[in-house]
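Written below as structure tokens is the structure these notes are about.
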Amino acid sequence: MNCRTYLFCAAILLSALGSARAKVDDAQIVKDFEARVSNYCDMQKQQAGTAKPTDSPSKLAEQKSQSTEKVRSARPEAKRGDIFTPEIAAYFRRQIAATLAGHDGAKVRATLRHAEPLPDIHLVVNAKYPQNVPL
Numbered sequence: 728m729n730c731r732t733y734l735f736c737a738a739i740l741l742s743a744l745g746s747a748r749a750k751v752d753d754a755q756i757v758k759d760f761e762a763r764v765s766n767y768c769d770m771q772k773q774q775a776g777t778a779k780p781t782d783s784p785s786k787l788a789e790q791k792s793q794s795t796e797k798v799r800s801a802r803p804e805a806k807r808g809d810i811f812t813p814e815i816a817a818y819f820r821r822q823i824a825a826t827l828a829g830h831d832g833a834k835v836r837a838t839l840r841h842a843e844p845l846p847d848i849h850l851v852v853n854a855k856y857p858q859n860v861p862l
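The sequence shown begins at 728 in the working numbering and counts up by one.
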């Protein structure tokens, strides 16, 4: 998952699920999460450098592989919870629960029931993202 995808997902979740009545604690939790995502994206950009333009699919794949390996090497101690802390996970759960219990909850649940099912996926920090699985 690239940095833009993380930011896009975070922005959608925070804007769609956010509440004007957010507690000060929630605001700090969100601010911390945004800083963690930003720091990760900055590191990813720094490690990736500038890729040479090419039309070759194999060269593009090689550049991506090299960039991914540089990011892994820069974070050898990376572990679950470094970016998505237990606090932000709990915040997202509360926001999702509130949305599902809210005015449009039935519509949201109906939409989710019609979504494409995903296979059982076990994601691991610094592991390669499974092929043929949507981001």
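All C-beta atoms, glycine included, are put in the ideal place defined by N, C-alpha and C. What you are looking at is a predicted structure, and each value in this text was computed from that prediction instead of being measured.
- Message: Could you tell me which whole beta strand (DSSP E) segments of length 3 or greater appear in the stretch 797-845?
- Response: DSSP assignment within the stretch 797-845 yields no whole beta strand (DSSP E) run of 3 residues or more.
- Look up V764 in the DSSP assignment and say whether it is helix, strand or coil. helix
- Message: Which of the three DSSP states is assigned to I756 in this structure?
- Response: helix
- Under 6 Å Cβ to Cβ from F760, same chain only, skipping five residues before and after it: list those, please. I815
- Task: Let me know if Y818 comes out buried or exposed under the rule of 16 or more other beta-carbons within 10 Å of its beta-carbon.
- Result: buried
- Task: Label V852 either buried or exposed according to how many other C-beta atoms from any shown protein chain fall within 10 Å of its C-beta, with 16 as the threshold for buried.
- Result: exposed
- Query: Can you tell me the Cα-Cα spacing of Q771 and D752, whole angstroms?
  - Reply: So the two alpha carbons sit approximately 29 Å from each other.
- Message: Pairs of beta-carbons, one from the stretch 777-792 and one from the stretch 822-841, closer than 8 Å: are there three or more?
- Response: Short answer: they don't touch.
- Which residue from G832, K834 and L862 puts its Cα closest to that of L845? L862
- Write down the C-beta distance between V860 and I810 rounded to the nearest angstrom, noting that I regard them as a contact closer than 8 Å. Incorrect: roughly 19 Å between the Cβ atoms, too far for contact.
- Item | 8 Å Cβ cutoff met for K797 and Q822 | no
- Would DSSP call L850 helix, strand or coil? coil
- Helix, strand or coil: how does DSSP classify D782 here? coil
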